[in-house]
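Working notes for the structure below.
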Amino acid sequence: MEDLSTAQSSPARSTRKDIFEKCWNFNRARALQEAGLYLYFEVFGTREGCGASEIMLGDRKILMFGSNDYLDLTNDPRVKEAAIAAIHKYGTGCSGSRLLNGTLSIHVALEEELAEFVGKEAALVLGTGFQANYAVIAALAQEGEVILCEHNLHASLVDGALRSEARSVRFRHNDMQHLEKRLQQCDEGALIVTESVFSMEGDMADLKALTEIAARYGARTYVDEAHGIGLFGPTGAGVAEEQGVLKDVDVIMGTFSKSLAAAGGFVASTEPVIHYLKHLAQPFVFSASVPPASVETARAALRILKTEPDRRNAPMVIAAKIRADLSALGFNVIQARSPVVAVVIQEDVALFLMAKQLLEEGIYVNPVVKPAAAQNLLRISCTAAHNDGHASRLVETMERIAKRLNVELEPVKANGKANVAL
Ligand SMILES: Cc1ncc(COP(=O)(O)O)c(C=O)c1O
1 MEDLSTAQSS PARSTRKDIF EKCWNFNRAR ALQEAGLYLY FEVFGTREGC
51 GASEIMLGDR KILMFGSNDY LDLTNDPRVK EAAIAAIHKY GTGCSGSRLL
101 NGTLSIHVAL EEELAEFVGK EAALVLGTGF QANYAVIAAL AQEGEVILCE
151 HNLHASLVDG ALRSEARSVR FRHNDMQHLE KRLQQCDEGA LIVTESVFSM
201 EGDMADLKAL TEIAARYGAR TYVDEAHGIG LFGPTGAGVA EEQGVLKDVD
251 VIMGTFSKSL AAAGGFVAST EPVIHYLKHL AQPFVFSASV PPASVETARA
301 ALRILKTEPD RRNAPMVIAA KIRADLSALG FNVIQARSPV VAVVIQEDVA
351 LFLMAKQLLE EGIYVNPVVK PAAAQNLLRI SCTAAHNDGH ASRLVETMER
401 IAKRLNVELE PVKANGKANV AL
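Residue numbers for the sequence shown follow this note's numbering, beginning at 1 and rising by one.
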């Protein structure tokens, strides 16, 4: 047994570097706070008494353009009722891991429904989308193997690759030739990891080319459909379905925190892969199961998205209008087809000023800075609750603020690229 009295009086303790030093020296966020440009951890209030896509911030109604509630289901009475009924029937939590006491019949039912929805043999529900990526990539790729990571991956995928004992190699964003070159450079068992819709930029992966290359080189594929499920494909199963390659993707990952109106995540694949993950994906095994209300919320949202296909188009139509209008004004907009409109504003202060002044005018958008995205951007997220009026208000307000801030806009010319210089 260690003698604690000696350990405490040891001179080494007083000279040792304090591991909290990095916290005392972390000044980036405080600098933004002092400059009045800090926009994180805003404390929102109720949605009661608000219009569609509005939420209270203090005593003001804010038009929300930062939420990933793409199908506008988080406030849907049918979904809310399903959550309330689940609490009445099963209580508020399971207080245990799925492996032991934490599996309810509704977890199994949801997994069966999700597997069927994305055309796979089996699915596994995990605590969050982040947990799903982190746990599953680390469990699937091991020492002596290689993970080929698309350049613009979400932090959860990057962290999964870092946690894995496999070697990680990156290929350039949406560059299939580079992916192929990377595969030629290695002969280990390989897992290719990509997002279907890139969460920050809103552009899409070429899953057809990616799965073709994977098949040619004997590699497996893992596709994060966090921003694809519920929005793309004839049944809403995602971009892989839209591109006709659902059966060619080995692992489909999705989250409940976007189109499925709750919190939680899942992966779907063959039965042996899911069986393996059920026993060996550590953050799944050693963590409590998803609470009943979230499970039943996701199930209700899934039922609605299957039966109300019109919801899928609505956010896309609004996003296309905003993209076109902002581009025409000269903002540097990433061209894409998803509900995510990304406006590049490279300079940090300009980016935060733009977001802050938008909020002062009653509109919330996400300011995203590197390394959360490959370049600094204002991320505008469109949902089925937005209408043309909301879109026009956003665009007009952005134009007005850009003028006020002396932003030099360069309207798109024929074949010309729009730009914004702040
Ligand atoms: C592409 C992508 N993957 C995974 C996640 C994590 O999902 P969750 O919010 O369910 O943890 C997100 C959410 O931001 C995401 O955008």
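Here a beta-carbon is modelled for each residue, glycine too, at the ideal position from N, C-alpha and C.
Non-local beta-carbon contacts of A301 in its own chain, meaning distances under 6 Å to residues more than five positions away in sequence, involve L73, V79, L260 and A261 in chain order.
The alpha-carbon of H279 is positioned some 8 Å away from that of L99.
Within the same chain, A166, R167, V169, C186, E188 and A190 come within 7 Å of V146 by CB-CB distance, once the 5 residues on both sides are set aside. In the DSSP assignment, K403 falls within the unbroken alpha helix (DSSP H) covering D388 to R404. Between the alpha carbons of A161 and Y134 lies a gap of roughly 8 Å. If you look at T235, you'll find it isn't in any alpha helix (DSSP H); DSSP assigns it neither H nor E.
Using a Cβ distance threshold of 7 Å, A85 and M200 do not count as a contacting pair.
Around the C-beta of L63, 16 or more other C-beta atoms lie within 10 Å, and the residue is accordingly described as buried. Under DSSP, no beta-bridge partner is assigned to R299. Taking 7 Å as the cut-off, the beta carbon of A226 is found closer than this to the beta carbon of G129. Between N366 and G66, the C-beta gap is smaller than 7 Å, which places the two residues in contact. Uninterrupted alpha helix (DSSP H) stretches at least 4 residues long and entirely within the region 58-105 occur at 77-90, given in chain order.
Secondary structure of P367 (DSSP, three-state): strand. The beta carbon of L32 lies closer than 7 Å to those of Y38 and F352 in the same chain, with the five residues before and after it left out. Between the alpha carbons of L114 and P234 lies a distance of about 16 Å. As the crow flies, the alpha-carbon of T221 is around 29 Å from that of T297. Using a 10 angstroms sphere on the CB of Q243, the tally of other CB atoms reaches 16 or more, which defines it as buried.
Distance from the C-beta of T74 to the nearest heavy atom of ligand 1 is not below 6 Å. In the DSSP assignment, G254 is bridged to F266. Per DSSP, D187 lies in no beta strand (DSSP E) and is assigned neither H nor E. The nearest non-hydrogen atom of ligand 1 is 6 Å or more from the C-beta of E121. With a 10 Å radius around the Cβ and a threshold of 16 neighbouring Cβ atoms, V43 comes out exposed. Two segments are said to touch when three or more pairs of C-beta atoms, one from each, lie closer than 8 Å; by this definition the region 390-397 touches the region 354-369. Its Cα nearest to that of A141, the residue L277 stands out among R47, T270, L277 and L126. Per the coordinates, the alpha-carbon of K181 lies some 24 Å from the alpha-carbon of A155. In the DSSP assignment, A342 falls within the unbroken beta strand (DSSP E) covering V340 to V344. Counting C-beta pairs with one atom in each stretch, the region 371-387 and the region 307-319 have three or more that are closer than 8 Å, which means they touch. Membership of C23 in the alpha helix (DSSP H) is indicated by the continuous run E21 to W24. Closest option to V125, judged by alpha-carbon separation, among H107, E212 and G230: H107.
When the Cα atoms are used, E241 and F266 turn out to be separated by approximately 17 Å.
Between the C-alpha atoms of A205 and A215 there is a straight-line separation of about 17 Å. For V333, the CB contacts under 6 Å within the same chain, skipping 5 residues up- and downstream, are R323, L326, S327 and V343 in chain order. From the listed residues L153, V349 and D159, the smallest Cα separation to A139 is found for D159.
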